[in-house]
Amino acid sequence: QVQVVESGGGSVQPGGSLRLSCVASGSISGIYAMGWYRQAPGKQRELVAEITRGGTTNYADFVKGRFAISRDSAKNTVYLQMNDLKSEDTAVYYCNAKKYLNAPVWGQGTQVTVSS
């Protein structure tokens, strides 16, 4: 079984930066992609960015040029560097791990609040 734990959320002013971390543990062999999703109050959960085992990245249009996803395979960790944050980026950010022949695994989420 795979577990993922997020950290790094918090409050920041518009234009600020935050870096989220997601550590995967347990039976991590077979994970082929990890990503970040977010859910704002009253809205559906949406993809922010994803990185495959091969290093291919995919970003939502609304974060291109501002956010960057990266990984440290030795630490089983995926990062989301968020720059130039906007109020509309306020949401709970969830880490997701996709593993062959298994349902996606979700973390508990970390709150990101962008406000002046």
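Residue numbers 1 to 116, in this note's numbering, belong to the letters of the sequence shown in order.
Glycine included, each C-beta is placed from N, C-alpha and C at the ideal position.
Quiz prompt | For residue 64, the three-state DSSP class (helix, strand or coil) | solution = coil
Self-check item: Rounded C-alpha distance that separates residue 87 from residue 113
Solution: 7 Å
Practice problem: Note down, in chain order, each residue of its chain lying with its Cβ closer than 7 Å to the Cβ of residue 14, except the 5 sequence neighbours on either side. | Solution: 85, 86, 87, 114, 116
Quiz item: What three-state label does DSSP hand residue 11 in the structure shown?
Solution: strand
Quiz prompt | Burial state of residue 53 (16 or more Cβ within 10 Å) | solution = exposed
Quiz item: When you compare only the Cα positions, how much space is there between residue 83 and residue 35?
Solution: 17 Å
Exercise. State the start and end residues of the unbroken beta strand (DSSP E) segment that holds residue 117.
Key: A query on residue 117 cannot be resolved here, the shown segment of the chain reaching from 1 to 116 and no further.
Practice problem: Look up residue 73 in the DSSP assignment and say whether it is helix, strand or coil. | Solution: helix
Quiz item: Would you say residue 97 and residue 51 are within 8 Å of each other, going by their C-beta atoms?
Solution: no
Practice problem: Consult DSSP for residue 87 and reduce its assignment to one of helix, strand or coil. | Solution: helix
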